[in-house]
Amino acid sequence: MRVNYDNLWKMLIDRKKKRTDLIKEAKISSNVLARMGKEEPVSLESIGKICQLLGCTVDDIITFYPEEEQNNGN
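Counting along the sequence shown from 1, when you hit position 63 you're at 79 in the working numbering, and nothing is skipped either side.
This is the structure:
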């Protein structure tokens with residue numbers, strides 16, 4: 017399953033925040049941010065910290081795509 021964080025990145029732009037601001041303000045590791053940048057899954061704890069910081073829900077920042085959709089373009 018592919019995880020897409022585009023809505024999170026758009027939300028950060030709208031709020032004039034940088035990705036690295038998440039590390040400091042949400043207290044997540046740089047490894048978590050790197051995994052998100054590669055559209056890889058991260059822990060629910062990390063997602064919870066980000067949602068709490070931004071005052072949003074998981075659905076507001078993450079979209080999941082089944083493997084079939086990912087492989088159709090290949």
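Positions of the beta carbon are idealized from the N, C-alpha and C atoms, including for glycine. None of these values were measured; they are calculated from a predicted model.
Should residue i go down as buried or exposed, given a rule of 16 or more other Cβ atoms within 10 Å for buried?
i: Y21; result: buried
i: Q86; result: With a pLDDT of 47 at Q86, under the threshold of 50, the modelled position of this residue cannot be trusted; read the value that follows with caution. The residue in question, Q86, is exposed, as its Cβ has fewer than 16 Cβ neighbours within 10 Å.
i: S46; result: exposed
i: V74; result: exposed
Anyone know if the C-beta pair for residue i and residue j falls short of 8 Å?
i: A42; j: L69; result: yes
i: M17; j: E83; result: yes
i: K65; j: I39; result: no
i: I63; j: N23; result: no
Would you list the residues sitting across from residue i in a DSSP beta bridge?
i: T79; result: N20
- Message: Contact between the stretch 23 to 32 and the stretch 54 to 62 is defined here as three or more beta-carbon pairs at a separation below 8 Å; is this criterion met?
- Response: Contact fails: fewer than three Cβ-Cβ distances are below 8 Å.
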